[in-house]
Amino acid sequence: MVDQTLARSFLTAGADYDRYRPGFPAEAADAIVPASARVALDLGAGTGKFTELLVGRVDRVIAVEPSEQMLAILRAKLPGVETMIGAAESIPASDHSVDVVTVAQAFHWFDREPACAEIARVLVPGGVLGLLWNRTDPRCAWDRACHRVAHPAVGDTDETTSSAAEQLPGFDVVERVTVPWAESISRADYIARWHTVSSFMTASDAERARMTADVERILDADPATAGREILDLPQITDVYVYRARV
Ligand SMILES: C[S@@+](CC[C@H](N)C(=O)[O-])C[C@H]1O[C@@H](n2cnc3c(N)ncnc32)[C@H](O)[C@@H]1O
Numbered sequence: 020m021v022d023q024t025l026a027r028s029f030l031t032a033g034a035d036y037d038r039y040r041p042g043f044p045a046e047a048a049d050a051i052v053p054a055s056a057r058v059a060l061d062l063g064a065g066t067g068k069f070t071e072l073l074v075g076r077v078d079r080v081i082a083v084e085p086s087e088q089m090l091a092i093l094r095a096k097l098p099g100v101e102t103m104i105g106a107a108e109s110i111p112a113s114d115h116s117v118d119v120v121t122v123a124q125a126f127h128w129f130d131r132e133p134a135c136a137e138i139a140r141v142l143v144p145g146g147v148l149g150l151l152w153n154r155t156d157p158r159c160a161w162d163r164a165c166h167r168v169a170h171p172a173v174g175d176t177d178e179t180t181s182s183a184a185e186q187l188p189g190f191d192v193v194e195r196v197t198v199p200w201a202e203s204i205s206r207a208d209y210i211a212r213w214h215t216v217s218s219f220m221t222a223s224d225a226e227r228a229r230m231t232a233d234v235e236r237i238l239d240a241d242p243a244t245a246g247r248e249i250l251d252l253p254q255i256t257d258v259y260v261y262r263a264r265v
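Printed below as a string of structure tokens:
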């Protein structure tokens with residue numbers, strides 16, 4: 020069941036989201052987009068953090084996203100991308116018109132059954148669906164501790180990995196690829212990033228201040244981050260590749 024309050028929190032978060040959230044490694048797009056693909060549709064495209072990796076890989080890139088604020092930022096960054104306001108459960112594209120659908124950091128927000136039916140409808144027979152999520156590297160103790168501040172109920176998993184899909188109606192699993200990578204991020208941006216995470220955005224002011232103080236305490240205490248302005252943050256991107264059943 021999708022939490023609509025959390026889902027709606029993305030409707031207002033565009034600029035901060037684009038500034039502070041991590042991007043994705045090129046290897047993730049390599050794993051999803053076949054060389055023969057001509058048209059790709061990025062669903063729940065947000066501000067285009069994954070969409071930008073589709074540009075240059077296919078002839079035509081379409082971004083579908085329910086938030087006009089997010090999409091306005093995407094349009095400014097990626098003027099060659101076609102943009103449409105829309106949702107996964109009702110995709111504004113014609114039948115069998117797309118070779119690849121990608122969903123970065125967003126599939127867990129979708130109503131799964133109708134979204135899968137819609138993705139299968141817009142894909143060509145045998146078309147590719149790629150789902151991907153960034154997650155914390157379990158070897159990074161300080162980042163893991165900060166995730167526990169944001170998501171105490173799920174312990175060491177975060178909001179995304181907990182809903183990663185294996186079997187999807189109408190699709191066959193092709194492969195799962197795990198891409199480790201690293202990001203240099205300032206301490207200030209790392210803290211600001213947490214303010215773009217749904218549990219921080221939907222918290223009361225007092226609760227958000229407590230969560231922020233907890234994150235600062237973790238950074239002050241861990242030898243890998245104490246006294247540092249630039250943090251070396253390991254990331255893992257999980258990629259799930261599916262093919263539409265013919
Ligand atoms: C965590 S953001 C990811 C954005 C972008 N794909 C990225 O990786 O930066 C989740 C996105 O899913 C969108 N979203 C939420 N519910 C959706 C739905 N039912 N259909 C399509 N997009 C949805 C939100 O508006 C938001 O832009």
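Read in order, the letters of the sequence shown are residues 20 to 265 in the working numbering.
The C-beta atom is built at its ideal place from N, Cα and C for all residues, glycine as well.
Please read all numbers here as calculations on a predicted model, not as lab measurements.
Flag Met230 as yes when its Cβ comes closer than 7 angstroms to any non-hydrogen atom of ligand 1, and as no otherwise. As a first step, residue 230 must be located in the sequence shown, where it is residue number 211. Remark: the C-beta of Met230 is outside contact range of ligand 1, defined as less than 7 angstroms to any heavy atom.
Opposing strand residues paired with Leu250 [DSSP bridges]: Position 231 of the sequence shown, counted from the start, is the residue given in the question as residue 250. Beta-bridge pairing links Leu250 to Ile204.
Helix, strand or coil, according to DSSP, for Phe43 in the structure here? What you label residue 43 is simply residue 24 of the sequence shown in a count that begins at 1. Secondary structure at Phe43: coil, using DSSP grouped into helix, strand and coil.
Sheet register partners of Gly149 (DSSP bridge): For this step, residue 149 is matched to residue 130 along the sequence shown. Beta-bridge pairing links Gly149 to Thr121, Val260.
Closest Cβ-Cβ distance between Asp239 and chain B: below 8 angstroms? Included in the structure is just one protein chain, with no chain B present.
Between the alpha carbons of Phe190 and Phe129, how many angstroms are there, rounded? By one-based count along the sequence shown, residue 190 stands at place 171. By one-based count along the sequence shown, residue 129 stands at place 110. Annotation: Phe190 to Phe129 spans about 16 angstroms, alpha carbon to alpha carbon.
Quick one: what does DSSP say Ile110 is sitting in, helix, strand or coil? Stepping through the sequence shown from its first residue, residue 110 is reached at position 91. In the structure shown, Ile110 sits in coil (DSSP, three-state: anything other than H, G, I, E or B).
What is the residue span of the alpha helix (DSSP H) that Val141 lies within? Your numbering for residue 141 matches position 122 in the sequence shown. Taken as a continuous stretch (DSSP letters only), the alpha helix (DSSP H) holding Val141 covers 131-141.
Compute the minimum distance between the beta carbon of Pro133 and the heavy atoms of ligand 1, and state whether it is under 7 angstroms. Residue mapping note: residue 133 aligns to position 114 of the sequence shown, counting from 1. No; taking the cut-off as 7 angstroms, the Cβ of Pro133 has no heavy atom of ligand 1 nearer than that.
Would Tyr17 and Val193 qualify as a contact pair, given that the criterion is a beta-carbon distance under 8 angstroms? A query on residue 17 cannot be resolved here, the shown segment of the chain reaching from 20 to 265 and no further.
Near Pro253, what residues of its chain come up, given a Cβ to Cβ distance below 6 angstroms and the 5 sequence neighbours on each side ignored? Within the sequence shown, the letter at position 234 stands for residue 253. For Pro253, same chain residues with a beta-carbon under 6 angstroms away, outside a window of 5 residues either side, are Asp156, Cys159, Ala201 in chain order.
Cβ of Gln124 within 7 angstroms of any heavy atom in ligand 1? Counting from one through the sequence shown, the residue named residue 124 turns up at place 105. Yes.
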